[in-house]
Amino acid sequence: MERRGFLWGMGATAAAVAAGVGPAWAQGGDVSRIVFPFGAGGGGDLVSRTVAEALATELNRTFVVENRTGADGRIGIQAVKAAPPDGKTFLITTGPTMWLYPMTKDNVGYDPFGDFEPIGQIALFEFCFAVPKDSPHKTLKDVAVWAKANPDKATYALPGAGTIPHFIGVSLAKAFGGPMRHLAYRGGAPAITDLVGNQIPLSVGTLADALAQHQAGSIRILATSGTKRSQFTPDVPTIIESGFDVSGDAWYGMWAPKGTAKAQTDVVGAALRKLLTRTDVKERLFKAGLVATGTNGDDLVAMMKANVARWKPVIEAGGDEMKK
Numbered sequence: 000m001e002r003r004g005f006l007w008g009m010g011a012t013a014a015a016v017a018a019g020v021g022p023a024w025a026q027g028g029d030v031s032r033i034v035f036p037f038g039a040g041g042g043g044d045l046v047s048r049t050v051a052e053a054l055a056t057e058l059n060r061t062f063v064v065e066n067r068t069g070a071d072g073r074i075g076i077q078a079v080k081a082a083p084p085d086g087k088t089f090l091i092t093t094g095p096t097m098w099l100y101p102m103t104k105d106n107v108g109y110d111p112f113g114d115f116e117p118i119g120q121i122a123l124f125e126f127c128f129a130v131p132k133d134s135p136h137k138t139l140k141d142v143a144v145w146a147k148a149n150p151d152k153a154t155y156a157l158p159g160a161g162t163i164p165h166f167i168g169v170s171l172a173k174a175f176g177g178p179m180r181h182l183a184y185r186g187g188a189p190a191i192t193d194l195v196g197n198q199i200p201l202s203v204g205t206l207a208d209a210l211a212q213h214q215a216g217s218i219r220i221l222a223t224s225g226t227k228r229s230q231f232t233p234d235v236p237t238i239i240e241s242g243f244d245v246s247g248d249a250w251y252g253m254w255a256p257k258g259t260a261k262a263q264t265d266v267v268g269a270a271l272r273k274l275l276t277r278t279d280v281k282e283r284l285f286k287a288g289l290v291a292t293g294t295n296g297d298d299l300v301a302m303m304k305a306n307v308a309r310w311k312p313v314i315e316a317g318g319d320e321m322k323k
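Numbering (numbering that gives the first Met the number 0), first residue to last: 0 to 323.
Written as structure tokens, this is what we have:
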């Protein structure tokens, strides 16, 4: 298990402090930690550090980012669940680690709806369907025709089994009308590397992982997974535009341990929504393939419930294959 921290703080001479911040932490110290349950260096780590730095400015309070890794994120999430509800511990993680894991993994050790106080959604990210640069397939319909005629060759790379890209791949295979096999990698980067090297004919993964190679001409993104064209690839159609009724995205959110005072979660939530309207924050996230959103806690819970309703039938239909 890796534990690594980053600290941002404000001096006593900082300017405005959000109304109610002082009373909200009257019984606690001036340091809060944000647990991110994966390693340093990726998109989610950037989200956590960006939020911590901006919250320090907004709230005149020090925030430490702790990378608490292990068990595909479950160790860090469990640590936040077990933390005292004193406003000094928060969680930033992807939506799927909260709402999806209880459906695909045994004994996750937490209830995403009952063990945490929701703060808000932070940013959205999308997925895409890509092929090697020299692939004969120019559209998703080309892939569908080929896959149906060549089921022994129709294999697509994934950043991992039991993930949203996996569910999108299964849904696409059903829409294509023919079977496709998945090859699960340990993350998106090695899958894209093999796609660039023409070691695999197809890939479903995050748009952020594929974007640089697409822009460099090393691979071609045929379709994106949103309900409308991505801001990052406005010239690329969606899967729906390509003729297949399949869509899906994911996001980062923020939570606190169950029982954290409403005065504290309200203050942090308001500051989170405010900072996500800042141009510098939005640009920093955009460069990482993320679109800043900013919602309240109720909206975050509604989003989780909508995701469960959207993907539960796919998971149940896929059986044990989807529960890796």
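Each residue gets a CB set at the ideal place from its N, CA and C atoms; glycine is no exception.
These numbers come from a predicted model, not from an experiment.
Where are the alpha helix (DSSP H) runs, 4 residues long or more, that stay fully inside the segment 17-80, in chain order? 20-23, 42-58
C-alpha distance - L171 paired with D85, whole-angstrom precision: Looking up residue 171 in the sequence shown gives position 172. Looking up residue 85 in the sequence shown gives position 86. Here the alpha carbons of D85 and L171 stand approximately 45 Å from one another.
Along the chain, where does the beta strand (DSSP E) that runs through D248 open and close? Working through the sequence shown from its first residue, we reach residue 248 at position 249. D248 -> beta strand (DSSP E) spans 248-256.
Buried/exposed call for V20, threshold 16 Cβ in 10 Å: Here residue 20 corresponds to residue number 21 of the sequence shown, with the count starting at 1. In this prediction, V20 has a pLDDT of 47, which is less than 50 and means its spatial position is unreliable; nothing more can be read from the coordinates.
Which residues in the same chain as G296 place their Cβ atom closer than 8 Å to its Cβ, once the five residues preceding and following it in sequence are excluded? Translated into the one-based positions of the sequence shown, residue 296 becomes position 297. The answer, listed in chain order, is E116, P117, I118, G119, T264, G268.
Local conformation of A146 per DSSP, three classes: Residue 146 sits at position 147 when you count from the first residue of the sequence shown. In the structure shown, A146 sits in a helix (DSSP, three-state: H, G or I).
Where P101 falls: helix, strand or coil (DSSP): Position 102 of the sequence shown, counted from the first residue, corresponds to residue 101. If DSSP states are grouped into helix, strand and coil, P101 belongs with the helices.
So within the segment 194-263, which uninterrupted alpha helix (DSSP H) runs reach at least 4 residues, ignoring any that extend past its ends? 206-215
Counting only runs of 3+ residues fully inside the segment 260-307, write out the beta strand (DSSP E) ranges in chain order. none
Taking the alpha carbon of G40 as the reference point, which residue from E65, R32, V30, S31 has its own alpha carbon closest? Walking along the sequence shown from the start, residue 40 turns up at place 41. The shortest Cα separation from G40 among E65, R32, V30, S31 belongs to E65.
H165 - containing alpha helix (DSSP H), residue span: Mapped onto the sequence shown, residue 165 falls at position 166. From DSSP, the alpha helix (DSSP H) with H165 extends over 163-175.
Does DSSP put T96 in a helix, in a strand, or in coil? As a working mapping, residue 96 is identified with position 97 in the sequence shown. If DSSP states are grouped into helix, strand and coil, T96 belongs with the helices.
With which residues is G119 paired in a DSSP beta bridge? Stepping through the sequence shown from its first residue, residue 119 is reached at position 120. Answer by DSSP bridge pairing, in chain order: M253.
Among V34, L182, A82, whose alpha-carbon lies nearest the alpha-carbon of G161? Along the sequence shown, one-based indexing puts residue 161 at 162. Closest option to G161, Cα to Cα, is L182.
Could you tell me the distance, in whole angstroms, from the CA atom of L45 to the CA atom of W254? For the purposes of this step, residue 45 is taken as residue 46 along the sequence shown, with counting starting at 1. For the purposes of this step, residue 254 is taken as residue 255 along the sequence shown, with counting starting at 1. Roughly 17 Å between the two C-alpha positions.
Who pairs with I91 in a beta bridge, going by DSSP? Taking the sequence shown and counting its residues from 1, one reaches residue 91 at position 92. In the DSSP output, where bridge partners are listed per residue, I91 has M253.
Nonlocal neighbours in the same chain, by C-beta distance under 6 Å from G187, ignoring five residues either side: If you number the sequence shown from 1, residue 187 lands on position 188. Taking C-beta separations shorter than 6 Å and ignoring five residues to either side along the sequence, the partners of G187 in its chain run P158, G204, T205, D208, following chain order.
Is the segment 265-284 in contact with the segment 51-59, if contact means three or more CB pairs nearer than 8 Å? yes
Let's test the definition: count the other Cβ atoms within 10 Å of the Cβ of V30 and tell me whether it reaches 16, buried, or not, exposed. Here the question's residue 30 lines up with position 31 in the sequence shown. Here V30 is exposed. Its C-beta has fewer than 16 other C-beta atoms within 10 Å.
Please list the terminal residues of the continuous beta strand (DSSP E) segment that includes Y155. By one-based count along the sequence shown, residue 155 stands at place 156. Unbroken beta strand (DSSP E) run through Y155: 154-157.
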